[in-house]
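Enquirer:
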Amino acid sequence: MGQLKLHHLKPADGSKKSKIRVGRGEAGRRGKTAGRGTKGTKARNTVRPGFEGGRVPLQRRLPALRGFKNPNKEYFAVVNVGTLEEVFPANATVTTEDLKELGVAKKKGRVKILAEGEITKSLNVKASAFSKGAIAKIEAAGGTAEVVE
Numbered sequence: 124m125g126q127l128k129l130h131h132l133k134p135a136d137g138s139k140k141s142k143i144r145v146g147r148g149e150a151g152r153r154g155k156t157a158g159r160g161t162k163g164t165k166a167r168n169t170v171r172p173g174f175e176g177g178r179v180p181l182q183r184r185l186p187a188l189r190g191f192k193n194p195n196k197e198y199f200a201v202v203n204v205g206t207l208e209e210v211f212p213a214n215a216t217v218t219t220e221d222l223k224e225l226g227v228a229k230k231k232g233r234v235k236i237l238a239e240g241e242i243t244k245s246l247n248v249k250a251s252a253f254s255k256g257a258i259a260k261i262e263a264a265g266g267t268a269e270v271v272e
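Using this note's numbering, you'd call the opening residue of the sequence shown number 124 and step up by one each time.
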């Protein structure tokens, strides 16, 4: 045999079965009720998936999921300036890595500094984001707030 062509292909032996023709008269092997038994909805027509015989179906008994979850929402590990005051000595440089190592920033991801609490030490803080109040408090204490990625 030379080159294999599309018209040379055929299904494997025994892989194709002929369709059974049901409901071809009472004399036939599958005549009259054609294997459906007697009476009832299933003998007459089909029931759609999820149909529960007329009672309120599952998808209507359960309350709908309200709103939606934004898959692109970014979550920040938040740290307050009051916490920075407690944890770091004066004139220290604070990075996101330091905060995570010390367990101050608990979540994964980026770190945001918020303004809760008081700060008196001058700290050089490097974080992913700051609130306006936090920047004001850090700078008022003589420190710097630098946004890093």
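Yeah, the Cβ is synthetic: ideal placement off N, Cα and C, and Gly gets one too. None of these values were measured; they are calculated from a predicted model.
#1: Could you give the uninterrupted runs of the beta strand (DSSP E) lying entirely in the segment 127–204, keeping only those of 3 residues or more?
#2: Tell whether a beta-carbon distance below 8 Å holds between ILE258 and ALA250.
#3: What would DSSP say about LYS244, mapped onto helix, strand or coil?
#4: Can you tell me which of the three DSSP states ALA238 falls into?
#5: Helix, strand or coil for ALA264 per DSSP?
#6: Name the residue from GLY232, LEU207 and VAL179 whose alpha carbon lies nearest to the alpha carbon of TYR198.
#7: Is there at least one Cβ from chain B nearer than 8 Å to TYR198's Cβ?
Expert: In brief:
#1: 199–203
#2: no
#3: coil
#4: coil
#5: coil
#6: GLY232
#7: Protein chains in the displayed structure number just one, and chain B is not present.
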